[in-house]
Amino acid sequence: MSTDIDARIATLLRHDAPARQDPMFRLRVLKRREQQRFQRKLLLLGLAALAVVAAVGIGYGARVALMEQLGVVLLCATLIGSCVWHAPVVAHFVGRARPPKKSDAAASAQHRDDD
Amino acid sequence: MDLDDAALLVAIREGSEHAFNRLIDRHQQGVRVFLRGLASRADADDIAQETFLVAWSQAGRYRGGASVRSWLFAIAWRKAKDNHRRVFRRRQREAGYLEAAAPADGPSAEEHLAVTQALQSLPLDQRAAILLCLAEGLTHTEAAEALEMPLGTIKSHVSRGRDRLRAALGDSS
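Heads up: the protein sequence lines correspond to chains A and B, in order.
Using the numbering used here, the letters of the first sequence correspond one by one to residues -5 to 109.
Using the numbering used here, the letters of the second sequence correspond one by one to residues 9 to 181.
Dropping the structure here:
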C-alpha cells in the first residue's frame, strides 16, 4: 500500500518531465557555452590590447601623442579582428539586440508553447 | 563503448565535446524534473542549462566521492537556492497562476494539481529532498550528499514531505 502510493506520488511528481532525449536542450546549453567563450575571449583581447597600449605608452612617454594614436589603432584592430573571428556569434548578438519582427515573436511564442 | 559518468567527466576535463553531449543526454531529464519542482518551468530549464555549463567548466573539481549524478544535483541545488532568493516574489505570483491555469480534464489532473500545490507549500529544503528521493529515486545518502545536509535531516524531510503529499492525495494511512 505504502509502495503503491509512493509510486503514485513519484508518477505525479514526474508528470511534466521533459523527454529523455532532448536535442534542443543540449543545443541551448552548447549555444550558451559558445556565447560565454566568446565574451571571455573578447574581454581578454580587450584587456590585452589595453595592456599593450599602456605598456607602449609608458615605454615611450616622450612620444605620447604618437603612442596614443598607435594605441587607438591597435585597440580598434584587435576589436575588429575579434569580431571578424567570431562573426557568427556577433551576428547573433546583433540580431538579439534588434527588436524582434512580428513573425519572429510569433515563432518564439509557438516554440515556448511547444516546450 | 558507453563510458560511465566518472569516465565522461575525465573526458570532459580533457575537452571532449562528445562526452559533454553524452553527459547532458544522460542527466538532463533528471536535473530538469528536480528543478521544475523548485522553480518555474522557464527558470528551471535556465538553471538546468547553467548547471551543465558549470559541469563543463568545473569538471576538474569533481573528486569522485559522490556519484556524478549527486554532484550534478548539488550544482543544480545551489543554483536553485540562488534563484529562489532572487525571484521569491515572482514565484508567488506564478503559484497563483498555476492555481488558475492548471488543466482540469482527466481523472489524474486533480491529483496532479493537489500534489503540485502540496509540493509548493513545502519549505524549499523539504521539497528538494522529496524530489530527489521520490521523483528521482536517489537514496537518502545520495540526496544528503547532493543537498549537503545531514542524513537524519534528509530522512525527516522525506518522511514529513511524503505525509503531506499523501494527505493531499486523500491517503490517511
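Glycine is no exception: its CB is placed at the ideal position from the N, C-alpha and C atoms.
C-alpha gap between residue i and residue j, whole angstroms
i: Leu159(B); j: Glu25(B); result: 36 Å
i: Ala208(B); j: Asp33(B); result: Outside the displayed range of chain B (9 to 181) lies residue 208(B), so it cannot be described from this structure.
i: Asp171(B); j: Arg21(B); result: 42 Å
i: Ser151(B); j: Ser78(B); result: Checking the displayed sequence, the identity of residue 151(B) turns out to be Ala instead of Ser. Using only the alpha carbons, I get a separation of about 7 Å.
i: Arg40(B); j: Gln33(A); result: 26 Å
i: Gly38(B); j: Arg135(B); result: 15 Å
i: Ala137(B); j: Thr147(B); result: 10 Å
i: Pro111(B); j: Glu118(B); result: No answer about Pro111(B) holds up, because its pLDDT of 48 lies below 50 and its placement is not dependable.
i: Gln29(A); j: Gly73(B); result: 32 Å
i: Phe96(B); j: Thr161(B); result: 24 Å
i: Arg14(A); j: Ala42(A); result: 44 Å
i: Thr149(B); j: Leu69(A); result: 54 Å
i: Gly114(B); j: His9(A); result: In this predicted model, Gly114(B) has a pLDDT of only 43, less than 50, meaning its place in the structure is not dependable; the value taken from the coordinates is given anyway. If I take the Cα positions, the gap works out to 13 Å.
i: Ala19(B); j: Ala49(A); result: 40 Å
i: Leu21(A); j: Leu80(B); result: 19 Å
i: Asp133(B); j: Asp10(B); result: 34 Å
i: Asn29(B); j: Gly178(B); result: 42 Å
i: Val23(A); j: Ile74(A); result: 27 Å
i: Lys163(B); j: Gly23(B); result: 38 Å
i: Asp107(A); j: Arg168(B); result: Summary for Asp107(A): the model assigns pLDDT 46, below 50, so the residue's position carries little reliability; its value from the coordinates is reported in the next sentence. Rounded to the nearest angstrom, the two C-alpha atoms are 35 Å apart.
i: Gln125(B); j: Val47(A); result: 60 Å
i: Arg31(A); j: Trp79(A); result: 13 Å
i: Ala109(B); j: Phe19(A); result: Any reading at Ala109(B) is ruled out, since the residue's pLDDT is 49, under 50, leaving its predicted position unreliable.
i: Val76(B); j: Ala27(B); result: 13 Å
i: Leu31(B); j: Arg71(B); result: 17 Å
i: Pro12(A); j: Leu139(B); result: 15 Å
i: Arg69(B); j: Leu64(A); result: 43 Å
i: Ala175(B); j: Arg27(A); result: 43 Å
i: Leu173(B); j: Asp12(B); result: 34 Å
i: His92(B); j: Val67(A); result: 46 Å
i: Arg94(B); j: Asp0(A); result: 32 Å
C-beta atoms of residue i and residue j nearer than 8 Å
i: Asp(-2)(A); j: Gln36(B); result: no
i: Ala154(B); j: Trp64(B); result: no
i: Leu6(A); j: His120(B); result: yes
i: Ile3(A); j: Val166(B); result: no
i: Ile55(B); j: Lys87(B); result: yes
i: Ser76(A); j: Lys35(A); result: yes
i: Glu52(B); j: Glu156(B); result: Rather than Glu, the amino acid found at residue 52(B) in this sequence is Ala. No, they are not a contact pair.
i: Leu17(B); j: Ala50(B); result: no
i: Thr72(A); j: Leu39(A); result: yes
Any non-hydrogen atom of the ligand ZN closer than 7 Å to residue i Cβ
i: Gly145(B); result: With respect to the ligand ZN, the structure shown offers nothing to examine, as it has no ligands at all.
Check: Is the stretch 142 to 153 of chain B touching the stretch 38 to 51 of chain B in the sense that three or more CB pairs, one from each, lie closer than 8 Å?
Finding: Judged by Cβ distances under 8 Å, the stretch 38 to 51 of chain B makes contact with the stretch 142 to 153 of chain B, as three or more pairs qualify.
Is there contact here, the stretch 50 to 64 of chain B with the stretch 115 to 134 of chain B, by at least three beta-carbon pairs under 8 Å? Too few Cβ pairs lie closer than 8 Å, so no.
*What are the start and end residues of each continuous alpha helix (DSSP H) run of 4 or more residues lying completely inside the stretch 13 to 59 of chain B, in chain order?*
Entirely contained in the stretch 13 to 59 of chain B, the alpha helix (DSSP H) runs reaching 4 residues are, in chain order, 13 to 21, 25 to 44.
> Which runs of the alpha helix (DSSP H), 4 residues or longer, sit entirely within the stretch 137 to 177 of chain B?
Replying inline: Correct list: 148 to 155, 159 to 176.
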